[in-house]
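Q:
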Ligand SMILES: Cc1cc2nc3c(=O)[nH]c(=O)nc-3n(C[C@H](O)[C@H](O)[C@H](O)COP(=O)(O)OP(=O)(O)OC[C@H]3O[C@@H](n4cnc5c(N)ncnc54)[C@H](O)[C@@H]3O)c2cc1C
């Protein structure tokens, strides 16, 4: 027998940014709101607690951003990364609505700070949260509690009950017991399915066993599956995921931001067979780091090795795990457990192909290789100055792109193209409508904040407020 909670006006599933934006907005509209969060109180906040910054439209410089970032520039940037895989109506709505976040977020407890040094060219377009995503989520939870939102931790929703596309109740598991919660309207804000390795395997095969998940182990896509089972229209490439080059020594889940490695442009990268496989200096790292996860995922055993010398070390953000260090290339290979003679040969061939130029990490400089396949187009300098350093790399999955289709009211669209009356979605579970491919730094939070607020407002309206 399931425990039954008294019915709510609005039920929110998930405990990250999109969920809390929805819960706070619905509560402020007058609705009685309950949030069901899978994680413990200490680990609440999903992937949102790993974030640092949010992209938003603004018309002028402020204390925290250096100049204007208008709708058209934002839209062009989005078109650039998605190559058109975006719904323009929803995208422009997100961009325009993002303008109010600079005030809305502090009004709900978030504090800004000046951009961090070494961040990826974001000082004009993005706001940085003081204390990062963890402090942001703590602020939102404090606001929600003050407003009277009920929050249930360690409560994993397993089943959604819908009749004729109308939400009736959700069945969750709490302390080993079933817990049923009815509400007049539902907001699903339960993230992607990146932590569900068996589901990733459906598209990636055994390779998915070697993926590292950068965020919460709780984003297993159970609610996405439930919505699809009830006939929601899918959106986004099921195989698509945002993946970066991660230190292979990172924990399997929840390593967060610090395990990303930015050493690639300053040396060479080889796979397990000690072969280079891609141009390490193709473009500026902020424009390329997100392709390296997929590149490594396509290599044997999904592992690669970044090799640099002492000249390269000062040019990227220090790594959280110290690099493997050796006095010779052969010794470095031995320490990394790859073939020493093969690595020496690859480094020699690379060194011979390097054309002298003036090295400048701040520009697409003329330091490149000649006659090497694949080439290294910029920042190519001989790897010849000991000590030598190496990092093992694995694909680090940030989020998946598959989600449900929504309209401008954040209503979930069913396969007959009609909206489910009282079912709304926000955040990563619907972000594929707007970001079908690629990534714009800080845009995950933008989509979740804007659609979280819309979902909260519309769910409250649907419940009579
Ligand atoms: C390391 C890292 C750094 C990032 N940095 C940035 C950044 O600086 N800026 C940016 O914009 N984006 C960043 N992102 C992306 C960003 O985290 C996401 O776009 C955003 O947090 C998604 O918010 P969300 O609310 O949709 O999902 P999440 O914050 O992941 O929340 C999902 C919630 O759903 C809960 N949940 C899942 N299933 C269930 C269930 N069945 N029942 C109950 N609860 C459930 C989870 O416990 C979790 O609380 C980063 C991601 C990572 C991993």
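In our numbering, the protein residues as written are 769 to 1233. Even glycine gets a Cβ: it sits at the ideal position worked out from N, Cα and C.
Scan the region 895-944 and note each continuous alpha helix (DSSP H) run of 4 residues or more that stays entirely inside, going in chain order.
A: For the region 895-944, whole alpha helix (DSSP H) runs of length 4 or above, ordered along the chain, are 900-915.
Q: For residue 1042, does the three-state DSSP call read helix, strand or coil?
A: Correct three-state label for residue 1042: coil.
Q: Does residue 1015 come out as helix, strand or coil in the three-state DSSP assignment?
A: If DSSP states are grouped into helix, strand and coil, residue 1015 belongs with the strands.
Q: Quick check: does the Cβ of residue 1009 come within less than 7 Å of any heavy atom belonging to ligand 1?
A: Result no, Cβ not under 7 Å from ligand 1.
Q: If you reduce the DSSP assignment to three classes, tell me which class residue 1134 lands in.
A: The answer is coil: DSSP assigns residue 1134 none of H, G, I, E or B.
Q: To the nearest whole angstrom, what separates the beta carbons of residue 842 and residue 863, a pair I think is in contact under 8 Å?
A: Going by Cβ atoms, the distance from residue 842 to residue 863 rounds to 5 Å, so yes, they are a contact pair.
Q: If I follow the unbroken alpha helix (DSSP H) through residue 1207, where does it start and stop?
A: Neither: residue 1207 is in no alpha helix (DSSP H) and is coded neither H nor E.
Q: With 16 other CB atoms within 10 Å as the buried threshold, where does residue 963 fall?
A: Residue 963 is buried by the Cβ-count criterion.
Q: Which whole-angstrom value describes the C-beta separation of residue 989 and residue 1166, a residue pair presumed to lie in contact below a C-beta threshold of 8 Å?
A: Between residue 1166 and residue 989 the Cβ distance is about 15 Å, and since that is not below 8 Å, they are no contact.
Q: Taking residue 973 as the reference, give the member of 1041, 1069, 1219, 1075 with the closest Cα.
A: Ranking 1041, 1069, 1219, 1075 by Cα distance to residue 973 puts 1069 first.
Q: Is the beta carbon of residue 759 within less than 7 Å of some heavy atom of ligand 1?
A: Outside the displayed range of the chain (769 to 1233) lies residue 759, so it cannot be described from this structure.
Q: Going by the CB atoms, is the gap between residue 1013 and residue 995 shorter than 8 Å?
A: Not a contact, by the Cβ cut-off of 8 Å.
Q: Could you tell me if the beta carbon of residue 842 falls within a distance shorter than 7 Å of some heavy atom in ligand 1?
A: Outside the cutoff, so no.
Q: List the whole-angstrom C-beta distance separating residue 1093 from residue 1033, where the pair is believed to meet the contact cut-off of C-beta under 8 Å.
A: At roughly 20 Å, the Cβ-Cβ gap does not stay under 8 Å, so residue 1093 and residue 1033 are not in contact.
Q: Under the rule that 16 or more other beta-carbon atoms within 10 Å means buried, what is residue 769, buried or exposed?
A: Note that residue 769 scores 42 on pLDDT, short of 50, meaning its location in the model is unreliable; the coordinates nonetheless yield the value given after this. Flag for residue 769 reads exposed.
Q: Can you tell me whether residue 977 is helix, strand or coil according to DSSP?
A: Looking at residue 977 - three-state DSSP - the assignment turns out to be helix.
Q: Measure the Cβ-Cβ separation of residue 1201 and residue 1168 and say whether it is below 8 Å.
A: No, they are not a contact pair.
Q: For my contact list, residue 1197 and residue 1107 are in at a C-beta cut-off of 8 Å; report their separation, rounded to the angstrom.
A: That belief does not hold up - the Cβ atoms of residue 1197 and residue 1107 are roughly 45 Å apart, past 8 Å.
Q: DSSP on residue 1201, reduced to helix/strand/coil?
A: If DSSP states are grouped into helix, strand and coil, residue 1201 belongs with the helices.
Q: With 16 other CB atoms within 10 Å as the buried threshold, where does residue 874 fall?
A: Label assigned to residue 874: exposed.
Q: Excluding the 5 residues preceding and the 5 following residue 1210 in the sequence, name in chain order all residues of the same chain whose CB lies nearer than 6 Å to its CB.
A: The answer, listed in chain order, is 821, 822, 823, 894.
Q: Thinking C-beta only, is residue 1157 closer than 8 Å to residue 1091?
A: Yes, Cβ-Cβ distance for residue 1091 and residue 1157 is below 8 Å.
Q: Which residues mark the beginning and the end of the beta strand (DSSP E) in which residue 1100 is found?
A: Counting along the chain, residue 1100 falls outside any beta strand (DSSP E), though it belongs to the alpha helix (DSSP H) covering 1097-1104.
Q: From the DSSP secondary-structure annotation, give me the bridge partner or partners of residue 1028.
A: Looking at the DSSP assignment, residue 1028 forms a beta bridge with 1014.
Q: Going straight from the alpha carbon of residue 1171 to that of residue 1008, what length do you get?
A: One C-alpha to the other measures close to 11 Å.
Q: Quick one: grab the DSSP three-state call for residue 769.
A: With a pLDDT of only 42 at residue 769, under the threshold of 50, the placement of this residue in the model should not be trusted, and no figure is reported.
Q: Can you list, in chain order, the residues of its chain with a C-beta nearer than 7 Å to that of residue 1138? Leave out the 5 residues immediately preceding and following it.
A: Closer than 7 Å at the Cβ level, and outside the excluded window around residue 1138, lie 1121, 1123.
Q: Cβ of residue 1052 within 7 Å of any heavy atom in ligand 1?
A: Not so, every heavy atom of ligand 1 lies at least 7 Å from the Cβ.
Q: Would you kindly work out how many angstroms separate the C-alpha atoms of residue 945 and residue 924, rounded to a whole number?
A: Looking at the two C-alpha atoms, the distance is approximately 11 Å.
Q: Can you tell me the Cα-Cα spacing of residue 789 and residue 1226, whole angstroms?
A: Going by the C-alpha atoms only, they are around 12 Å apart.
Q: Going by beta carbon distance, what residues of the same chain come within less than 6 Å of residue 798, once the five residues before and after it are set aside?
A: If we look at residue 798 and ignore the five residues flanking it on each side, its Cβ neighbours are 1233.
Q: Would residue 1188 pass as a contact of residue 1223 if the rule is Cβ separation under 8 Å?
A: Not a contact, by the Cβ cut-off of 8 Å.
Q: If I'm right that residue 1129 touches residue 1136 with Cβ under 8 Å, what's the distance once you round it to whole angstroms?
A: Not really, about 14 Å apart at Cβ, beyond 8 Å.
Q: Assign residue 1054 to one of two classes, buried (16 or more other C-beta atoms within 10 Å of its C-beta) or exposed (fewer than that).
A: Residue 1054 comes out exposed.
Q: How should residue 827 be labelled, buried or exposed, when 16 other C-beta atoms within 10 angstroms of its C-beta is the threshold for buried?
A: When all chains shown are included, residue 827 counts as exposed.
Q: With a threshold of 7 Å (Cβ to nearest heavy atom), would residue 816 be considered close to ligand 1?
A: Because some heavy atom of ligand 1 lies under 7 Å away, the Cβ of residue 816 counts as near it: yes.
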